[in-house]
Amino acid sequence: KNQVEQSPQSLIILEGKNCTLQCNYTVSPFSNLRWYKQDTGRGPVSLTIMTFSENTKSNGRYTATLDADTKQSSLHITASQLSDSASYICVVGDRGSTLGRLYFGRGTQLTVWP
Amino acid sequence: EPEVTQTPSHQVTQMGQEVILRCVPISNHLYFYWYRQILGQKVEFLVSFYNNEISEKSEIFDDQFSVERPDGSNFTLKIRSTKLEDSAMYFCASRGTKNSNTIYFGEGSWLTVV
């Protein structure tokens, strides 16, 4: 069964600190892995996208890693800001799907305190 | 930054009523999707649409649901005879080409069935 699991479920850090979020998936055949940021009541916004051949991708203070062999990914956030408070969702694309169906994790709820 | 727009942002409807959720995808995009997120749960795939027909649908997308692209700009999701469990945030998404990895999500339409 195609699944995406994330940890931790929630995380509280102080402003300026770094953190790392984890994602494990069983989606097969694998197409790509994305990290989205979702503010409460808003649509998901793409942070990074990685295909099978990529094992790291950066977008400003966000760095995602991918190990396609172990089917794991991480999202590292450096120098956190209050505006980073949101849900971070790991999303995996299914290459066997006609138009790239996406499977979503439950997200890690990140709270950044001043 | 191009965006996917959705209307209404919030709708309350009585059980058994029909609801139409509207989406305007990004203008030159070819692939369209509906996803939903029940409060506190994962975002789930409903349907993908290309060339005026459904490409793929999930087990959630039963006969109660239908999609349509009535003109060159709108993409609608119709829910017939709504049930309480249809209460969720419904996200429209679009993608430019099959080889484009970036999928843009709208802000969502929050449906409450009472």
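Residue numbers (the working numbering), protein chains in the order written: chain B, 10 to 123; chain G, 960 to 1073.
All residues carry an ideal CB built from backbone N, CA and C; glycine is no exception.
Just tell me which of the options has its CA closest to the CA of residue i.
i	options	result
G/GLY1050	B/THR35, B/PRO53, B/TYR45 and B/LYS46	The amino acid at residue 1050 of chain G is misidentified as Gly; the sequence shows Phe. Among B/THR35, B/PRO53, B/TYR45 and B/LYS46, the Cα nearest to that of G/PHE1050 belongs to B/PRO53.
G/SER986	G/ILE997, G/SER1017, G/ARG1039 and G/GLU962	G/GLU962
G/ASN1011	G/MET974, G/PHE1034 and G/LEU998	G/PHE1034
G/SER1007	B/SER106, B/ASP48 and B/LYS10	B/SER106
B/ASP78	B/TYR71, B/SER67 and B/PRO38	B/PRO38
B/THR60	G/TYR1063, G/SER1059 and G/GLU977	G/SER1059
G/GLU1003	B/ASN27, B/CYS99, B/SER67 and B/LEU91	B/CYS99
B/VAL13	G/GLN1023, G/LYS1001, G/ARG981 and G/PRO967	G/LYS1001
G/VAL1072	G/GLU960, G/VAL978, G/SER968 and G/PRO967	G/VAL978
B/TRP44	B/VAL121, B/GLY116, B/PRO123 and B/TRP122	B/GLY116
G/GLU1027	G/GLU1044, G/ARG981, G/GLU1018 and G/SER1040	G/ARG981
B/SER19	G/GLY999, G/THR1061 and G/TYR992	G/GLY999
From the DSSP output, which residues share a beta bridge with residue i?
i	result
G/THR972	G/VAL1072
B/ILE22	B/VAL121
G/LEU980	G/LEU1036
B/ASP76	B/GLN81
B/ASN68	B/TYR71
B/GLN47	B/SER96
G/LYS1001	Looking at the DSSP assignment, G/LYS1001 forms no beta bridge with any residue, so it has no partner.
B/ASP103	B/PHE39
B/SER91	For clarity, residue 91 of chain B is Leu in the given sequence; the question names Ser instead. For B/LEU91, which the question treats as bridged, DSSP gives no partner whatsoever.
B/THR57	B/TRP44
B/LEU111	B/GLY102
G/VAL1026	G/LEU1036
B/VAL13	B/TYR34
Short check: CB of residue i to CB of residue j, under 9 Å?
i	j	result
B/LEU119	B/ILE58	no
B/TYR97	B/LEU30	yes
G/GLU1015	B/LEU108	yes
G/GLN970	G/LEU1070	yes
G/TYR994	B/LEU111	yes
G/LYS1037	G/MET974	no
G/TYR1063	B/SER55	yes
G/ILE997	G/ALA1052	no
B/ALA73	B/LYS26	no
G/VAL983	G/SER1025	no
B/ASP76	B/ASN11	no
G/HIS988	G/GLY1055	yes
B/GLN15	B/GLY114	yes
G/GLN976	G/SER1040	yes
B/SER40	B/VAL121	no
At a cut-off of 8 Å, is residue i close to the ligand ATP when judged by its beta-carbon and the heavy atoms of the ligand?
i	result
G/TRP993	No copy of the ligand ATP appears in this structure; indeed no ligand is present at all.
Under 7 Å (Cβ pairs) to chain G, residues found in the segment 39-59 of chain B: Those residues of the segment 39-59 of chain B placed with their C-beta closer than 7 Å to a C-beta in chain G are ASN41, ARG51, GLY52, PRO53, SER55 and ILE58, ordered along the chain.
I'd like to know if the segment 77-89 of chain B and the segment 30-40 of chain B are in contact, where contact means that at least 3 CB-CB pairs between them fall below 8 Å. Yes: the two stretches touch, three or more of their Cβ pairs being nearer than 8 Å.
Short-range partners of chain B found in the segment 1040-1065 of chain G, where Cβ spacing is below 9 Å: Within the segment 1040-1065 of chain G, the residues whose Cβ lies closer than 9 Å to some Cβ of chain B are MET1048, PHE1050, CYS1051, ALA1052, ARG1054, LYS1057, ASN1060, THR1061, ILE1062, TYR1063, PHE1064 and GLY1065, listed in chain order.
Proximal residues, the segment 99-112 of chain B versus chain G, C-beta separation under 7 Å: Of all residues in the segment 99-112 of chain B, SER106, THR107, LEU108, ARG110 and LEU111 have a Cβ within less than 7 Å of some Cβ in chain G.
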